[in-house]
Structures are given as structure tokens and as C-alpha cells.
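Chemist: One structure is given below, represented as C-alpha cells, and several questions about it will come after.
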Amino acid sequence: MFGKRGNAQPNEFKAPVLPVAAIKPDGGRLPRDILEPKRSPVEAPKVVMPIRERNEAYYDTKSQVFAALIDAIDLAQLSKLDPEVAREEIRDIVNDIIAIKNFAMSISEQEELLDDICNDVLGYGPLEPLLARDEISDIMVNGARKTYIEVLGKVEESGVRFRDNQQLLNICQRIVSQVGRRVDESSPICDARLPDGSRVNVIAPPLAIDGPVLTIRKFKKDKLTLDQLVRFGAISPAGAELLQIIGRVRCNIVISGGTGSGKTTLLNCLTNYIDKDERIITCEDSAELQLQQPHVVRLETRPANLEGEGEITMRDLVKNCLRMRPERIIVGEVRGPEVFDLLSAMNTGHDGSMGTIHSNSPRECLSRIESMIAMGGFALPQRTVREIIVGSVDIIIQAARLRDGSRRITHVTEVIGMEGDVIITQDLLTYDITGEDANGRLTGHHVSTGISRPHMWERARYYNEDRRLANALDSMEKAQL
Numbered sequence: 047m048f049g050k051r052g053n054a055q056p057n058e059f060k061a062p063v064l065p066v067a068a069i070k071p072d073g074g075r076l077p078r079d080i081l082e083p084k085r086s087p088v089e090a091p092k093v094v095m096p097i098r099e100r101n102e103a104y105y106d107t108k109s110q111v112f113a114a115l116i117d118a119i120d121l122a123q124l125s126k127l128d129p130e131v132a133r134e135e136i137r138d139i140v141n142d143i144i145a146i147k148n149f150a151m152s153i154s155e156q157e158e159l160l161d162d163i164c165n166d167v168l169g170y171g172p173l174e175p176l177l178a179r180d181e182i183s184d185i186m187v188n189g190a191r192k193t194y195i196e197v198l199g200k201v202e203e204s205g206v207r208f209r210d211n212q213q214l215l216n217i218c219q220r221i222v223s224q225v226g227r228r229v230d231e232s233s234p235i236c237d238a239r240l241p242d243g244s245r246v247n248v249i250a251p252p253l254a255i256d257g258p259v260l261t262i263r264k265f266k267k268d269k270l271t272l273d274q275l276v277r278f279g280a281i282s283p284a285g286a287e288l289l290q291i292i293g294r295v296r297c298n299i300v301i302s303g304g305t306g307s308g309k310t311t312l313l314n315c316l317t318n319y320i321d322k323d324e325r326i327i328t329c330e331d332s333a334e335l336q337l338q339q340p341h342v343v344r345l346e347t348r349p350a351n352l353e354g355e356g357e358i359t360m361r362d363l364v365k366n367c368l369r370m371r372p373e374r375i376i377v378g379e380v381r382g383p384e385v386f387d388l389l390s391a392m393n394t395g396h397d398g399s400m401g402t403i404h405s406n407s408p409r410e411c412l413s414r415i416e417s418m419i420a421m422g423g424f425a426l427p428q429r430t431v432r433e434i435i436v437g438s439v440d441i442i443i444q445a446a447r448l449r450d451g452s453r454r455i456t457h458v459t460e461v462i463g464m465e466g467d468v469i470i471t472q473d474l475l476t477y478d479i480t481g482e483d484a485n486g487r488l489t490g491h492h493v494s495t496g497i498s499r500p501h502m503w504e505r506a507r508y509y510n511e512d513r514r515l516a517n518a519l520d521s522m523e524k525a526q527l
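Heads up: the sequence shown is residues 47 to 527, going by our numbering.
Quick look at the structure:
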């Protein structure tokens with residue numbers, strides 16, 4: 047792996063006593079010329095490893111220890127053991143390697159090295175400390191030497207780096223293989239997910255010139271709710287009440303927003319208000335939605351195999367789920383011609399369906415839907431396309447990531463009809479930026495547009511939510527006074 051393996055007799059050093067499953071066929075013994083550093087006749091230099099600075103000496107020491115470890119254990123057998131048992135075995139051997147190679151380091155430095163090596167063998171290597179921090183929302187690895195994280199809406203460089211691009215690519219392959227996908231020169235772009243649902247994108251050489259690029263959109267361990275979004279200032283209390291009603295009365299919803307604006311988080315929040323007895327089918331490129339209802343069917347696209355066959359697109363999933371007796375269809379992200387099938391589902395009895403789309407305003411969202419229908423090769427007149435949109439979409443919720451890193455719901459907009467060839471919309475709620483505080487954080491508040499009887503009124507009355515809707519709109523009005 048890293049070091050040149052010695053030719054000394056294996057009985058010169060005995061590794062710690064390990065369970066049989068983890069010992070190599072040769073007894074798990076380490077050649078002395080790997081374990082002992084080269085020494086001159088006069089002196090025996092010691093390598094001091096500055097763990098926290100993560101300089102070249104640290105990575106050189108780690109490589110030597112790692113190479114000796116690989117000679118001592120059978121990784122295939124080790125992987126069959128319980129993770130905690132495997133971790134203890136690795137720690138025992140690494141402690142002996144450090145002692146015999148005569149590395150000088152403190153107990154804390156040794157523990158740090160032990161954790162790093164255990165993460166390399168059993169987990170995701172240098173990514174493990176970042177994945178454990180719940181306040182990090184994004185991890186962006188730009189080759190082996192540069193790793194950035196987003197914390198509280200701000201992007202900053204972390205001190206994490208990889209040994210080389212090959213180690214980074216190995217970790218990427220380990221991640222994507224868990225969901226039956228691959229990333230290599232013949233298939234250099236891949237979407238995948240971690241076991242906790244965090245979204246992963248990998249783009250590898252030759253497309254990525256400076257080494258593999260890994261992007262992870264982390265999911266918080268504690269799932270966000272609308273009440274928490276209120277506390278964060280993403281929506282006002284009355285606005286949150288309005289969103290609950292919209293989800294409850296089975297409006298067809300499109301959540302619009304830019305990258306990192308919180309579309310998926312908001313979609314997860316809205317699904318909390320779906321009745322427990324409804325059959326929900328989700329369609330995603332990489333499954334990340336975290337629905338809490340008991341009757342949920344999760345579908346995921348599949349890329350083509352090495353022969354270019356077997357691809358299952360989002361459009362295939364949406365078309366198929368119409369045959370599965372859904373009551374609500376939820377599309378994680380609409381990117382192309384599948385939008386036509388989603389609109390058709392919304393317009394043919396599957397009320398309460400939802401999806402997300404990349405766009406910067408409710409009006410732009412409608413234009414994007416038109417464009418994606420055209421991309422699918424549907425030769426329909428423009429007016430017909432717009433009539434389909436008006437007959438399908440009830441509400442557009444706009445999410446935005448502001449320049450200070452905060453996330454806000456900036457519009458709750460109804461699609462109410464057409465005048466001539468123009469789609470008519472009306473805002474129920476908007477976000478008004480009023481200034482900036484001493485810390486550079488934007489200040490503002492959610493503003494009611496004063497509409498007392500929205501287009502969705504009859505739908506709310508059908509579900510016996512009209513009084514609650516009136517109270518929510520009245521509360522938004524009073525909050526501005």
C-alpha cells in the first residue's frame with residue numbers, strides 16, 4: 047500500500063493476539079524491517095509527528111504505520127467483525143507498531159493518529175470528523191489538498207486533507223459502491239448518498255483536472271420542523287401556520303430556490319402535515335427525503351451500466367408510480383422532461399403532490415417549467431402548456447439563501463389563472479429586507495400582501511380549514527402593525 051514490504055522472516059516480531067478471523071494466514075506477524083526505522087551506526091533519529099498541524103511529517107509517519115498495519119491483518123476478514131471489535135484490534139496493533147518504530151509522540155497525538163487510521167480502514171478517512179459535526183451542512187473536497195465546509199451559512203476552509211488523490215478516489219468509490227453505483231474514468235460523474243441520507247456528488251478525473259471533487263450535503267441528525275424554521279427566522283409564526291394549512295388541504299406545491307437555499311429541508315417539513323393514512327410515493331435521483339408517514343414507497347433512479355444499458359430515468363419513475371395507486375407523488379428535484387408527467391399527475395387526481403425546482407423567483411419558476419416541457423420534445427402550443435401549468439400547480443414557495451448565509455422563505459405565491467396568454471399569480475406572503483446589523487447579518491420581516499380571501503379559499507373550506515386560514519391571514523396582517 048504505502049511502504050516497501052520487507053523480506054525478513056515473519057517470526058522476528060509477533061503481532062498482538064487477535065481473533066482468528068482478523069489474522070492473516072501468516073499469523074499476522076510484522077516484518078522487522080517495516081516496523082523498525084532505518085538507523086545509522088551512530089544515532090537512532092526519532093520522528094516527531096505534529097498531529098494537529100497535519101504537515102508532511104505527520105503523513106509520512108501515518109503512511110509507515112498504515113503499511114505495517116496492512117501487513118499484520120487481513121482486511122477482508124476484519125470487515126466481517128463488529129466495528130467496535132475491529133477498531134480495538136486495529137488500535138492494539140497500531141500501538142505496538144508505534145512503540146517498535148520508536149516514534150516520539152504524546153498520548154493525545156497517539157490517540158489522534160489511532161483515530162485517523164481507524165477511520166481510513168473502517169470509515170471514510172479524513173471525512174469522519176467532519177461528518178460527526180452536526181453544525182456542518184456542506185462538505186466540499188476539491189482534490190486531496192483542499193477541503194471546505196459550510197457552517198451556519200458561511201463557507202470556510204477546514205484543516206482536513208487527504209494523503210493523495212488516490213486515497214480520496216478510494217473513499218469516493220467506497221461511498222458510491224454502498225448504493226450500487228460506481229465512479230471511475232469510464233463513469234466519472236456519480237450521485238449517491240450516505241447511510242444517513244446525506245446527498246453525495248462525485249466528479250472524478252479526467253473531468254476534474256486537479257483530482258476528484260466530492261460534495262456532501264449533510265442531513266442534520268435532528269430533523270428540522272416548521273417550528274424550528276420559525277425560531278431561525280426562516281418564516282414568521284403566521285407564515286408557518288399558512289404553510290401547514292397549504293400542506294393539509296392538499297395543494298399541489300412547487301418549492302423553488304437556488305442551490306443550498308433549503309428546498310429539500312422545506313419539503314421535508316411540509317410532508318409532516320400529510321395524513322398518516324395516505325399512500326405517498328417519492329421519486330429521487332438519490333434518496334434523501336425523510337418522510338415520517340408509515341405508508342411511503344421510495345423510488346430511486348439508476349444510471350446506465352458499463353454497456354450503456356439499464357438506465358432508469360426520473361421520467362420512468364414518475365410514469366411508473368402513476369400505476370402504483372399513489373395518493374401523493376413527491377419528486378425530490380425536477381430537472382427535465384419529467385416535469386410534464388408530474389404536472390399530468392397533479393392534474394389527474396393526485397392532489398397534494400410536491401416537487402422542487404431550481405429557480406430564483408416564482409415567476410422564473412413558471413418559465414423554467416415551460417422550458418423543461420419544451421426540452422422533452424412535446425410539440426404543444428405555448429398557451430396549452432401554460433394552461434396545463436395553471437391547472438396543475440396551486441402554490442409556489444420560494445426559498446432563498448441570502449448573502450449573509452441565512453435562509454429565508456421569501457414568497458408564498460398562488461397560481462390563480464390566465465389572462466390571455468399570461469399566467470396570473472398573487473403573493474400571499476413576501477420577505478422584506480430592511481437593512482443590516484452591526485455583525486453583517488441582514489435584517490427583515492415577512493410581510494402579508496393583504497389578501498383576505500385567497501384563491502385556495504374553497505379548497506380550505508372543503509377540508510374545514512377556512513377558519514384557520516382566515517386566522518393565519520389575519521395574524522400576518524396584525525404582525526405588520
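Glycine included, every Cβ here is placed at the ideal spot set by N, Cα and C. This structure is a prediction, so every number in the text was calculated from the model and none was measured.
Rounded to whole angstroms, what is the Cα-Cα separation between isoleucine 442 and threonine 317?
Modeler: Residue numbering aside, residue 442 sits at position 396 when the sequence shown is read from its first letter. Residue numbering aside, residue 317 sits at position 271 when the sequence shown is read from its first letter. Distance between the alpha carbons of isoleucine 442 and threonine 317 is about 15 Å.
Chemist: Taking the straight line between their C-alpha atoms, what separation do you get for arginine 369 and alanine 280?
Modeler: Looking up residue 369 in the sequence shown gives position 323. Looking up residue 280 in the sequence shown gives position 234. Near 37 Å, if we compare the C-alpha coordinates of alanine 280 and arginine 369.
Chemist: Based on DSSP bridge pairs, tell me the residues matched to threonine 459.
Modeler: For the purposes of this step, residue 459 is taken as the residue at position 413 of the sequence shown. Answer is Ile442 and Asp473.
Chemist: Could you tell me the distance, in whole angstroms, from the CA atom of isoleucine 358 to the CA atom of asparagine 351?
Modeler: Indexing the sequence shown from 1 puts residue 358 at position 312. Indexing the sequence shown from 1 puts residue 351 at position 305. Their backbone Cα atoms lie some 11 Å apart in a straight line.
Chemist: Cα separation between isoleucine 320 and glycine 437?
Modeler: Taking the first residue of the sequence shown as position 1, residue 320 is located at position 274. Taking the first residue of the sequence shown as position 1, residue 437 is located at position 391. Approximately 22 Å, taken between the alpha carbons.
Chemist: Go ahead and label aspartate 128 buried or exposed: buried means 16 or more other beta carbons lie within 10 angstroms of its beta carbon, across all protein chains shown.
Modeler: The residue you call residue 128 lines up with position 82 of the sequence shown. By the 10 Å Cβ count, aspartate 128 comes out exposed.
Chemist: Suppose you measure from the CA of alanine 114 to the CA of phenylalanine 149; what does that come to, to the nearest Å?
Modeler: Here residue 114 corresponds to residue number 68 of the sequence shown, with the count starting at 1. Here residue 149 corresponds to residue number 103 of the sequence shown, with the count starting at 1. Those two C-alpha atoms are separated by around 14 Å.
Chemist: Mapping the DSSP letters down to three states, classify arginine 369 as helix, strand or coil.
Modeler: One-based indexing of the sequence shown puts residue 369 at position 323. Arginine 369: coil per DSSP, three-state reduction.
Chemist: Is it buried or exposed, aspartate 166, if we count other Cβ atoms within 10 angstroms and call 16 or more buried?
Modeler: In the sequence shown, counting from the first residue as 1, residue 166 sits at position 120. Answer is buried; the Cβ neighbour count reaches 16.
Chemist: If you compare alpha carbons, which of Leu173, Arg447 and Ser413 is closest to valine 187?
Modeler: Taking the sequence shown and counting its residues from 1, the one referred to as residue 187 is at position 141. Per the Cα distances, Leu173.
Chemist: What span of residues does the beta strand (DSSP E) with tyrosine 194 cover, start to end?
Modeler: Position 148 of the sequence shown holds residue 194. Where tyrosine 194 is concerned, the enclosing beta strand (DSSP E) stretches over 193–197.
Chemist: For threonine 328, which residues does DSSP report across the bridge?
Modeler: As a first step, residue 328 is located in the sequence shown; it is residue number 282 there, counting from the start. In DSSP, threonine 328 forms a bridge with Arg344 and Ile376.
Chemist: How close, in whole Å, do the beta carbons of leucine 270 and cysteine 315 come, if the pair is a contact with beta carbons under 8 Å?
Modeler: Residue mapping note: residue 270 aligns to position 224 of the sequence shown, counting from 1. Residue mapping note: residue 315 aligns to position 269 of the sequence shown, counting from 1. Yes, leucine 270 and cysteine 315 are in contact; Cβ-Cβ is about 6 Å, under 8 Å.
Chemist: Nearest-angstrom Cα distance between phenylalanine 278 and serine 521?
Modeler: By 1-based counting over the sequence shown, the position of residue 278 is 232. By 1-based counting over the sequence shown, the position of residue 521 is 475. Each residue's Cα considered, the two are about 19 Å apart.
Chemist: My understanding is that arginine 429 touches aspartate 467, with C-beta atoms under 8 Å, so please give their C-beta distance in whole angstroms.
Modeler: Position 383 of the sequence shown, counted from the start, is the residue given in the question as residue 429. Position 421 of the sequence shown, counted from the start, is the residue given in the question as residue 467. Indeed they touch by this definition, with Cβ atoms about 5 Å apart.
Chemist: May I have a chain-ordered list of the beta strand (DSSP E) segments no shorter than 3 residues that lie completely inside the segment 232–279?
Modeler: With a minimum length of 3 residues, the continuous beta strand (DSSP E) runs that stay inside the segment 232–279 are 235–239, 245–249 and 259–263.
Chemist: Drop a sphere of 10 angstroms on the beta-carbon of glutamate 482, count the other beta-carbons inside from all chains shown, and report buried for 16 or more, exposed for fewer.
Modeler: Start at 1 with the first residue of the sequence shown, and residue 482 comes out as number 436. Classification for glutamate 482: exposed.
Chemist: Whole angstroms are fine: how far does the CA of tyrosine 477 sit from the CA of glycine 496?
Modeler: In the sequence shown, counting from the first residue as 1, residue 496 sits at position 450. In the sequence shown, counting from the first residue as 1, residue 477 sits at position 431. Spanning the two alpha carbons is a distance of roughly 14 Å.
Chemist: Helix, strand or coil: how does DSSP classify asparagine 298 here?
Modeler: As a first step, residue 298 is located in the sequence shown; it is residue number 252 there, counting from the start. In the structure shown, asparagine 298 sits in coil (DSSP, three-state: anything other than H, G, I, E or B).
Chemist: Going by DSSP, which residues form a beta bridge with serine 494?
Modeler: Along the sequence shown, one-based indexing puts residue 494 at 448. BP columns for serine 494 point to Leu475.
Chemist: Kindly list the residues whose CB is nearer than 6 Å to the CB of alanine 506, restricted to its own chain and excluding five residues on each side of it in sequence; keep chain order.
Modeler: Position 460 of the sequence shown, counting from 1, holds the residue named residue 506. Closer than 6 Å at Cβ, skipping near neighbours: Val295, Asp512 and Leu515.
Chemist: DSSP has threonine 310 in a bridge; who is on the other side?
Modeler: Counting from one through the sequence shown, the residue named residue 310 turns up at place 264. The partner list for threonine 310 (beta bridge, DSSP) is empty, contrary to what the question assumes.
Chemist: Determine the DSSP secondary structure at glutamate 416, reduced to helix, strand or coil.
Modeler: The sequence position of residue 416 within the sequence shown is 370, counting from 1. Helix, per DSSP.
Chemist: Do the CB positions of arginine 487 and glycine 306 come within less than 7 Å of each other?
Modeler: Residue mapping note: residue 487 aligns to position 441 of the sequence shown, counting from 1. Residue mapping note: residue 306 aligns to position 260 of the sequence shown, counting from 1. No.
Chemist: Checking 7 Å against the spacing of the C-beta atoms, do leucine 412 and isoleucine 469 come in under that value?
Modeler: Within the sequence shown, residue 412 is the residue found at index 366, counting from 1. Within the sequence shown, residue 469 is the residue found at index 423, counting from 1. Taking 7 Å as the Cβ cut-off, leucine 412 and isoleucine 469 qualify as a contacting pair.
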